[in-house]
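Those letters in the sequence shown? Residues 143 to 626, by the working numbering.
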Amino acid sequence: MKYSSITGRPASVTTDCLVTTLKAAHDVGKQLGVDDYLRDALRDFTDKLGKAVVLPLPARKRIRRLMIIGTGKPQLGSADFKKAMQGAAGLLRSANFRTAVLHLDAFDVAEADSHHRTRLATTVLSAALYRFDAPKQAEESPSTLNRIALLVDGRSRASATRAIRYANALDAGMAFTRDLGNTPPNVCNPTYLARQARTLARAERTRCRVIDEKAIDELGMGAFMSVTRGSDTPGKLIVVDYRGGKRGEPPIALIGKGITFDTGGISLKPGAAMDEMKFDMCGAAAVLGCAKAVIEARLPINLVAIVAAAENMPSGKASRPGDVVKSLSGQTIEILNTDAEGRLVLCDAITYAARYQPKVVIDVATLTGACIIALGSHASGLFSNDDGLATDLTAAGEYVGDRAWRLPIWDDYQSALKSNFADMANVGGREAGSIVAACFLSRFAKQVPWAHLDIAGTAFTGGAAKGASGRPVPLLFQYVLNQI
Ligand code: BES
Ligand code: MN
Ligand code: ZN
143 MKYSSITGRP
153 ASVTTDCLVT
163 TLKAAHDVGK
173 QLGVDDYLRD
183 ALRDFTDKLG
193 KAVVLPLPAR
203 KRIRRLMIIG
213 TGKPQLGSAD
223 FKKAMQGAAG
233 LLRSANFRTA
243 VLHLDAFDVA
253 EADSHHRTRL
263 ATTVLSAALY
273 RFDAPKQAEE
283 SPSTLNRIAL
293 LVDGRSRASA
303 TRAIRYANAL
313 DAGMAFTRDL
323 GNTPPNVCNP
333 TYLARQARTL
343 ARAERTRCRV
353 IDEKAIDELG
363 MGAFMSVTRG
373 SDTPGKLIVV
383 DYRGGKRGEP
393 PIALIGKGIT
403 FDTGGISLKP
413 GAAMDEMKFD
423 MCGAAAVLGC
433 AKAVIEARLP
443 INLVAIVAAA
453 ENMPSGKASR
463 PGDVVKSLSG
473 QTIEILNTDA
483 EGRLVLCDAI
493 TYAARYQPKV
503 VIDVATLTGA
513 CIIALGSHAS
523 GLFSNDDGLA
533 TDLTAAGEYV
543 GDRAWRLPIW
553 DDYQSALKSN
563 FADMANVGGR
573 EAGSIVAACF
583 LSRFAKQVPW
593 AHLDIAGTAF
603 TGGAAKGASG
613 RPVPLLFQYV
623 LNQI
């Protein structure tokens, strides 16, 4: 989706569809001389939140249709506004308009200025109007709508232009993340991710470095190697380094779990829904998507996105439960469960990130099924050794409606990782699985403000609406924006 801004009176725009509220629709009706028709046509419309209706206007009007979005009350909270925009998006998705104009000023959202409203609306629209170009012989219903104009007050044009620039960058970043997530695992393997990163790094001020398996081994990443060795497809450590900020300014480091398929390894997963483990690279896709958004918006900031890409397969070369490996940090790990592979590739990537002397390290991973049990799909799990960083990430997610919720990583939980044969085991017991996983990672991030986002519940949907969501790219991008 491409967003742009226009100014002027709502009644004087030219579009296939003007999206507005009931009250504003009546005003437009009056100005166009169709108020009787509208009043009649809307007799049965109940102004409830999430309801939406499209009405054709009489011929030869420059506005061909009005989409009226129910609000239920004059002033909306930001969650209500999100719901209203989802209602609009549902109809925009199924209709075949070529152009649409969103009358943003018609919506009164408590504590949200026009910049915030623009960002919330476009984030919802981008999420809902995305389509994956699947290799099918017959495309179900090709979308004709690829441009939405936001009708803004002429006085706030400058701030709207900025909001729209961010919205377009975020849209591109999210779509990239979702495309990577949805691409089948026989195509989207570590080599494919490296190629996508290289393409991304053709942009200005951006470089890409791909470290292959031989070099990963030579560097001493025994934890990473223990996962990737089981696969015939070689793993990669991929770095996209964007220097939009001042020279010498420490970058933000994002690290993504890029398990392009997680069978569980020798601790094999059950067969049901195993196809969804192609989404186990959504953390990697999110950090690359955030990098894409940052690059497109040409933000004046330094950002390093690091992807730990590997496939977790059972084979004669795969790790066994009981194997002991040495991580890049020097700490040894007893692998008790080969299905806890995400933390093994991430711990070495976190150690590796120190080379970039980052001001913060944020890792993003579909790390634990337990996180889905704890938080469902509404919030990503957030863990951090730094209260300021945790607060900033929570606030960023809240702002764009891509929430995260913090869970503790108190020392009390660390004892679950005790091993008789190494510095730590890679799993604990059944209790507090997401926290124990985060505690494992925290042992590799002692020297830096670090946060971990467990996106097992938020990065993708299963079932009939199966697909990658693009989360938590909105949160990450907003966090980066807030650092400028
Ligand atoms: N990739 C999975 C976690 C996952 C599960 C993500 C379901 C999304 C949906 C991860 O590698 C894994 O297998 N974790 C284990 C950890 C356990 C062995 C301690 C899990 O959650 O069962
Ligand atoms: Mn696993
Ligand atoms: Zn996994």
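Using N, Cα and C, we set each Cβ at its ideal position, and we do this for glycine too.
- For V578, the secondary structure class from DSSP, reduced to helix, strand or coil, is helix.
- In the structure shown, I443 adopts coil according to DSSP, grouped into three states.
- Between the alpha carbons of D275 and L559 lies a distance of about 43 Å.
- Close CB contacts of G386 within its chain, under the 8 Å cut and outside five residues either way in sequence, are with R347, V436, I437, R440, L441, P442, I443, N444, L445 (chain order).
- Cβ contact annotation for S373 (same chain, cutoff 6 Å, sequence separation greater than five): E453, M455, in chain order.
- Relative to ligand 1, M416 has its C-beta separated by 7 Å or more from all heavy atoms.
- L478 and T533 have their C-alpha atoms roughly 34 Å apart.
- Within the segment 314-364, the complete alpha helix (DSSP H) runs of at least 4 residues fall at 332-342, 355-361.
- Within the same chain, Cβ atoms closer than 6 Å to the Cβ of E476 are found at V466, S561, F563, A564, A567, the five residues on either side in sequence being excluded.
- Between ligand 1 and V569, a heavy atom-to-CB distance of less than 7 Å is present.
- Annotated three-state conformation of F403 is strand, per DSSP.
- Taking non-hydrogen atoms of ligand 1 into account, the C-beta of N324 is found less than 7 Å away from none of them.
- Around the C-beta of A221, fewer than 16 other C-beta atoms lie within 10 Å, and the residue is accordingly described as exposed.
- Beta-bridge analysis with DSSP links W552 to no other residue.
- Around the beta carbon of D186, fewer than 16 other beta carbons lie within 10 angstroms, which makes this residue exposed.
- Listed in chain order, the beta strand (DSSP E) elements of length 3 or more contained wholly in the segment 467-527 are 474-476, 502-507, 522-526.
- The criterion of a C-beta distance shorter than 8 Å is satisfied by L470 and L361.
- The DSSP-derived three-state label of R206 is coil.
- With respect to M316, G612 sits close: the two C-beta atoms are nearer than 8 Å.
- According to the DSSP assignment, R385 belongs to no alpha helix (DSSP H) but to the beta strand (DSSP E) extending over 378-385.
- Per DSSP, reduced to three states, the secondary structure at K193 is coil, with no helix or strand assignment.
- Separation of S584 and A302 (C-alpha to C-alpha, rounded to the nearest whole angstrom) is 40 Å.
- Straight across, the Cα-Cα distance linking V502 with G323 is about 25 Å.
- Distance from the CA atom of T480 to the CA atom of P500, rounded to whole angstroms, is 30 Å.
- For Y145, the pairing in a beta bridge is given by DSSP as I290.
- Classified as exposed, T341 has fewer than 16 neighbouring CB atoms from the shown chains inside 10 Å of its CB.
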